[in-house]
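Numbering (the numbering used here), first residue to last: 6 to 122.
Glycine residues also receive a C-beta, built at the ideal position from the N, C-alpha and C atoms.
All values reported here derive from a predicted model rather than from experimental measurement.
Notes follow the structure.
Take a look at the structure:
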């Protein structure tokens, strides 16, 4: 089960523990029933703060992984492609090599910013 599926299951359990219908949770979260049903059925991606509203309604905290995925989904498709490509490249390295690469690239970015390049 990936992080998104785990999150949906946590919300579904919290909803059922409260004895709420999907409509009741949607009302509590201030989202449409369709939006909540799509979330629970894993259809499409939530827009804006809808995930946070749903989590708040059932009093669940988000994890870094949850919010990272929510943030990523809001990015333009070309940015996601670039990040996926970099991720695939980094996956071929050891942890030490990734740390060294990241350190060098971050230094280069900040040096370029400082010099206006």
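From the options, residue whose alpha carbon lies closest to that of residue i
{"i": "residue 65", "options": "94, 112 and 20", "result": "20"}
{"i": "residue 5", "options": "119, 18 and 12", "result": "With the chain running from 6 to 122 in the structure shown, residue 5 is simply not present."}
Buried/exposed call for residue i, threshold 16 Cβ in 10 Å
{"i": "residue 44", "result": "buried"}
{"i": "residue 94", "result": "exposed"}
{"i": "residue 88", "result": "exposed"}
{"i": "residue 16", "result": "buried"}
Close-in-space but distant-in-sequence residues of the same chain around residue i (CB under 6 Å, 5 per side omitted)
{"i": "residue 38", "result": "28 and 31"}
{"i": "residue 35", "result": "58"}
{"i": "residue 33", "result": "62"}
{"i": "residue 81", "result": "none"}
{"i": "residue 18", "result": "none"}
Cβ shell of residue i (< 7 Å), same chain only, five flanking positions each side left out
{"i": "residue 112", "result": "none"}
{"i": "residue 49", "result": "43"}
{"i": "residue 103", "result": "95"}
Own chain, CB closer than 8 Å to residue i, minus 5 neighbours either side, in chain order
{"i": "residue 106", "result": "95 and 98"}
{"i": "residue 92", "result": "none"}
{"i": "residue 10", "result": "47"}
{"i": "residue 90", "result": "none"}
Stretch pair the region 16-33 + the region 47-64: three plus CB contacts closer than 8 Å: Result yes; three or more Cβ-Cβ pairs closer than 8 Å.
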